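So the numbering used here is basically just the index in the sequence shown, starting at one, shifted up by 4.
Ideal Cβ positions, reconstructed from N, Cα and C, are used throughout, including at glycine.
Predicted model, so just to flag it, every value in this text is computed and none were measured.
Structure first, commentary second.
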Amino acid sequence: MDWQDTFADRMDLIGDTAVIELLKLAERPDVLSFAGGLPDAATFPMDAVKEVTAQVFDDHGSMSLQYGPTAGYTALREWIAERMGPVEGVTATVDDIIVTSGGIEAMDLIAKTLLNPGDVVIVEAPTYLTAFSVFRCYGVEFVAVDIDDEGMRVDLLEEQLVELERQGKHAKLIYTMPAFQNPGGVTMPLDRRRKLVELADRYNIPILEDHAYAELYFDRAPPPSLKALNPDGVLFVSTFSKIFGPGIRLGWIDAPPAVIAQLCQAKLGSDQCSSTVAQRIVYEYGRQGLMDSQIVLSRALYQAKRNTTLEALTGHAPPGMTWTRPDGGFYVWLTIPEGIDSTSMLAWAVEHEKVAFVAGPSFYTDGRGTNQFRVCYSYLDQGLIEEGISRICRSVAHHIERRHRVSV
Ligand SMILES: Cc1ncc(COP(=O)(O)O)c(C=O)c1O
Numbered sequence: 005m006d007w008q009d010t011f012a013d014r015m016d017l018i019g020d021t022a023v024i025e026l027l028k029l030a031e032r033p034d035v036l037s038f039a040g041g042l043p044d045a046a047t048f049p050m051d052a053v054k055e056v057t058a059q060v061f062d063d064h065g066s067m068s069l070q071y072g073p074t075a076g077y078t079a080l081r082e083w084i085a086e087r088m089g090p091v092e093g094v095t096a097t098v099d100d101i102i103v104t105s106g107g108i109e110a111m112d113l114i115a116k117t118l119l120n121p122g123d124v125v126i127v128e129a130p131t132y133l134t135a136f137s138v139f140r141c142y143g144v145e146f147v148a149v150d151i152d153d154e155g156m157r158v159d160l161l162e163e164q165l166v167e168l169e170r171q172g173k174h175a176k177l178i179y180t181m182p183a184f185q186n187p188g189g190v191t192m193p194l195d196r197r198r199k200l201v202e203l204a205d206r207y208n209i210p211i212l213e214d215h216a217y218a219e220l221y222f223d224r225a226p227p228p229s230l231k232a233l234n235p236d237g238v239l240f241v242s243t244f245s246k247i248f249g250p251g252i253r254l255g256w257i258d259a260p261p262a263v264i265a266q267l268c269q270a271k272l273g274s275d276q277c278s279s280t281v282a283q284r285i286v287y288e289y290g291r292q293g294l295m296d297s298q299i300v301l302s303r304a305l306y307q308a309k310r311n312t313t314l315e316a317l318t319g320h321a322p323p324g325m326t327w328t329r330p331d332g333g334f335y336v337w338l339t340i341p342e343g344i345d346s347t348s349m350l351a352w353a354v355e356h357e358k359v360a361f362v363a364g365p366s367f368y369t370d371g372r373g374t375n376q377f378r379v380c381y382s383y384l385d386q387g388l389i390e391e392g393i394s395r396i397c398r399s400v401a402h403h404i405e406r407r408h409r410v411s412v
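In structure tokens:
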């Protein structure tokens, strides 16, 4: 069989192997990897999960391995809905919640439900790189809006919306991560959030709010979610990947019930229902208050790692290198002098310094970001972070020097 001739055209649209390569790097024992956005395995509640799993099988028997409702295990949906109040400032009922197989499936279901080929999707520049794999599958056109230290620049968004209108186009979705953005690490303040929801409402564009990291804040919680500011216009997505463990593959969407009904239709052809046993485990774990107590510990761990990362950068960075200062989440976004290509620097750094990060262009729709890159500090052992950052800084210094030599 000549397989090359058999693949669908959409595979040309989504053929980015960056994530697959990242996960491979994380497995190489000789490389200190700041590449993949993996949680620290020390936050995985192994003992509690063993106990809770036994309890689930004792209490629910074979039902735990049976198919379940497409919208999710009702008790878990109720628990999520109730928790949306204190955690996100959102009033939700069970009818507003669908349980998904992770945040990525949540995005995919929303895309499947809302997007036609040629539709315009507004994304942040830079944005979460897997969002491209999801949205590209639906043949959409991206409009990228730059971020600054306060997240998506709503002034630029407004300019883009005016321009789209001039072209007779209407954006179909705005995808944003207002808290501890991936890869920027930045957070949108309240006044900008208000402007964003007001603008989206005025133009009648749904917002997909991705809150994957919002609960992992350091000194203080981020401002109220966009969902809290405009419950009817925001499709809220979050995940248990960072606050429990990505292997459980569960997330959720909070959306108006009419949208949930469509999302359920979309999910039927995706996986019909998310893992029944996984949902019962997460419910039991959450019901006993274990999720919330683990999150407190996880925040402290990631804050310590963030601190070490920023201190190491301050200590080792060559002149001309700048970076963001996250108040939560997993990521620092770095900028190096123009003319240094982060993609070739990455190849050099893996080979010569045995350190990895993600080069900037992976996070843009249009090849920008050549002098930028992402460092994820969540995964590496605390004791290795300073060494890893010093290796990155040596790689940058080497490239600055090399560029200087070439230019004289
Ligand atoms: C911004 C963002 N959204 C969503 C996800 C979804 O992850 P999952 O499918 O594991 O829930 C991630 C994971 O890295 C992420 O960084």
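Asked                                                                                                                                                            : Found
Out of T97, E92, S68, which has the shortest C-alpha to C-alpha gap to E82?                                                                                      : T97
Can you find at least 3 beta carbon pairs, one from the segment 38–56 and one from the segment 267–278, that sit closer than 8 Å?                                : no
Going by CA-CA distance only, name the one from T328, S348, Y381, R291 that's closest to A308.                                                                   : Y381
For the 8 Å Cβ check, are there 3 or more pairs between the segment 357–365 and the segment 383–401?                                                             : yes
When the Cα of S279 is compared with those of D62, I102, T47, which residue comes out closest?                                                                   : I102
Report the CB separation of T328 from V336 in whole angstroms; it is logged as a contact under 8 Å.                                                              : 6 Å
Once you ignore the five residues that flank I264 on each side, which residues in its own chain have a CB closer than 8 Å to its CB?                             : A75, D99, D100, I101, I102, I257
Using the C-alpha atoms, what's the distance from G290 back to D296?                                                                                             : 7 Å
Are there 16 or more other CB atoms within 10 angstroms of the CB of S66, so buried, or fewer, so exposed?                                                       : exposed
Taking only runs that begin and end inside the segment 98–154, name each unbroken alpha helix (DSSP H) of 4 or more residues, in chain order.                    : 106–118, 133–140
Measuring only the C-alpha atoms, how far is L294 from F146?                                                                                                     : 40 Å
According to DSSP, is C380 helix, strand or coil?                                                                                                                : strand
Output the residue ranges of the alpha helix (DSSP H) runs that lie fully inside the segment 297–369 and measure 4 residues or longer, sorted by chain position. : 346–352
Quick one: any contact between the segment 118–134 and the segment 361–375, if contact means 3 or more CB pairs under 8 Å?                                       : yes
What's the gap between the Cα of L80 and the Cα of T180?                                                                                                         : 26 Å
Given 6 Å as the limit, tell me if Y287 has its C-beta closer than that to any heavy atom belonging to ligand 1.                                                 : no
Looking at C-alpha atoms only, which residue of D112, H174, V60, E25 is the closest neighbour of Q266?                                                           : D112
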